[in-house]
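Chemist:
Numbering (my numbering), first residue to last: -13 to 311.
1) Drop a sphere of 10 angstroms on the beta-carbon of residue 52, count the other beta-carbons inside from all chains shown, and report buried for 16 or more, exposed for fewer.
2) With a CB to CB cut of under 6 Å and the five nearest residues on each side skipped, what residues in its chain are close to residue 15?
3) If we count the other Cβ atoms within 10 Å of its Cβ and call it buried at 16 or more, is residue 85 buried or exposed?
4) Can you give the Cα-Cα distance for residue 237 and residue 115, rounded to whole angstroms?
5) At the level of alpha carbons, what is the spacing between residue 348 and residue 123?
6) For residue 269, which residues of its own chain have a beta-carbon under 8 Å away from its beta-carbon, when the five flanking residues on both sides are left out?
7) Mind reading off the beta-carbon distance from residue 139 to residue 258? Whole number of angstroms is fine, and I expect it under 8 Å.
8) Rounded to the nearest angstrom, how far is the Cβ of residue 261 from that of residue 207, given a contact under 8 Å?
9) For residue 12, which option in 197, -9, 26 has the closest C-alpha, if you only look at C-alpha atoms?
10) For residue 309, which residues in the same chain have their Cβ closer than 6 Å to its Cβ, ignoring the five residues on either side in sequence?
11) With DSSP as the reference, identify every bridge partner of residue 84, one or two as the case may be.
12) So, helix, strand or coil for residue 263, using DSSP?
13) I'd like the span of the alpha helix (DSSP H) that includes residue 213, first residue to last.
14) Going by DSSP in three states, residue 251 sits in which element: helix, strand or coil?
15) So residue 289 is in the alpha helix (DSSP H); what residue range does that whole segment cover?
16) Going straight from the alpha carbon of residue 306 to that of residue 245, what length do you get?
17) Name the DSSP bridge partner or partners of residue 178?
18) Could you please give me the residues that DSSP links to residue 17 through a beta bridge?
19) Taking the C-alpha atoms as reference points, what is the distance between residue 71 and residue 19?
20) Taking C-alpha atoms, which residue in 287, 233, -13, 175 lies nearest to residue 153?
21) How is residue 147 classed by DSSP in three states: helix, strand or coil?
22) Taking C-alpha atoms, which residue in 56, 63, 30 lies nearest to residue 37?
23) Under a three-way DSSP split, which group does residue 207 fall into?
24) Counting only the same chain and skipping the five closest in sequence on each side, list residues whose C-beta sits under 6 Å from that of residue 56.
25) By Cβ distance below 8 Å, which residues in the same chain neighbour residue -5 in space, the five residues on each side in sequence not counted?
26) Could you say which of 224, 177, 240, 202 lies nearest to residue 253 if we only look at CA atoms?
27) Looking at the strands, I want to know which residues DSSP matches up with residue 318.
28) Sort out for me which residues DSSP pairs residue 278 with in a bridge.
29) For the alpha helix (DSSP H) that contains residue 51, what are its first and last residues?
30) What is the rounded straight-line gap between the Cα of residue 290 and the Cα of residue 98?
31) Put residue 59 into one of helix, strand or coil per three-state DSSP.
32) Tell me the rounded alpha-carbon separation between residue 300 and residue 242.
33) Cα separation between residue 217 and residue 65?
Here is the structure:
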């Protein structure tokens, strides 16, 4: 903040309260702080809020700031993953402006050269640089660095795709996540979000499934942690079964899915958020570890349950269906 004031010739040390991090300018008080300080989130109210790199804070932190802001709020972010921000973009009272490096007159020629080089690498076919260019060059939504799955968004389920079944992850405070799985050809898995909602009673899950002919009459592979819900589904004529978990099963399921070309329908917004946010842990040097971070994975777990039970590998090629009655 001080650098900005100095660069614009507005800084005067006598107006700077260095203890409490605020600055007086033209009768206004400008305060700045990091959201890691929880007391600041629940502190004094303000008239205007500006959140820098909003994609790096969570919904709860933003909510605490928002309810203490009187007039209006600015958010800026690189759209590596939008998560909760999408909900606010859609609101009628929100105004959305997308800018790229071409709109920044302060960029040095060296940075512009770096962007142009990145564009060439993306055009050469690198998935990493394609994602980098989408996010940092063109301001499009992309994935967090180190995402576990690669996928492609599609408009809807293709007419030539065959419905296989579904995966279901149970929740209460966390969402119940139900994903429908289709196969096109031998290696294209199409994934369509059917349900993603917290706080549902068992009978509400039953009714949701029974309204969908495909769900009601084809296998649903479920989280084995809630056998009582699975029994209730089966008691209502729904072909539900528990996934078999064990040591290494998470990585096994991930490996199976990584062997397919994954396509996610555009309407599957919660699944897309998870695909864009589900990452590997990293060591102190920033190198990826072979352990997924246990976040942003409710829908992805549901998909993985289905893969573990219904899909298998043959000679390390994960494109063979294993049908289980």
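The beta carbon of each residue, even a glycine, is placed where N, CA and C say it ideally should be.
Modeler: Let me lay it out:
1) Counting Cβ neighbours within 10 Å, residue 52 comes out exposed, since fewer than 16 surround it.
2) Counting only Cβ-Cβ distances below 6 Å, and skipping sequence neighbours, we find 8.
3) Residue environment for residue 85: exposed (fewer than 16 other C-beta atoms within 10 angstroms of its C-beta).
4) Between residue 237 and residue 115, the C-alpha separation is close to 26 Å.
5) The displayed coordinates of the chain run from -13 to 311. Any statement about residue 348 would go beyond what the structure contains.
6) Cβ within range, chain order: 275.
7) Indeed, because the Cβ distance is near 7 Å, the residues count as touching under 8 Å.
8) So it is not a contact: roughly 19 Å between Cβ atoms.
9) For residue 12, the nearest C-alpha among the options comes from -9.
10) Confidence at residue 309 is low in this model, with a pLDDT of 35, below 50, so the placement of that residue is unreliable and no value is reported for it.
11) Per DSSP, none; premise fails for residue 84.
12) In the structure shown, the three-state DSSP call for residue 263 is coil.
13) For residue 213, the enclosing alpha helix (DSSP H) covers residues 213 to 221.
14) Three-state result, residue 251: strand.
15) In the DSSP annotation of this structure, the continuous segment of the alpha helix (DSSP H) that includes residue 289 starts and ends at 284 to 296.
16) Low per-residue confidence applies at residue 306: pLDDT is 38, beneath 50, and the placement is therefore not dependable enough to give any value.
17) Paired residue(s): 166.
18) When beta bridges are read from the DSSP output, residue 17 appears opposite 8.
19) Near 20 Å, if we compare the C-alpha coordinates of residue 19 and residue 71.
20) Comparing alpha carbon positions, the residue from 287, 233, -13, 175 closest to residue 153 is 287.
21) When DSSP states are grouped into helix, strand and coil, residue 147 belongs to the coil group.
22) Considering only alpha carbons, the answer is 63.
23) Here residue 207 sits in strand by DSSP.
24) The residues are 33.
25) Correct list: empty, nothing qualifies.
26) Relative to the Cα of residue 253, the nearest Cα in the group 224, 177, 240, 202 belongs to 177.
27) The structure shown does not extend to residue 318, since the chain is modelled only from -13 to 311, so the question has no answer here.
28) DSSP output for residue 278 lists 266 as bridge partner(s).
29) 45 to 52 is the extent of the alpha helix (DSSP H) around residue 51.
30) For residue 290 and residue 98, the distance between alpha carbons rounds to 41 Å.
31) Correct three-state label for residue 59: strand.
32) Low local confidence applies: a pLDDT of 38 at residue 300 is under 50, so the model's placement there is unreliable, with the coordinate-based value given in what follows. Residue 300 and residue 242 have their C-alpha atoms some 10 Å from each other.
33) Taking the straight line from one Cα to the other gives about 42 Å.
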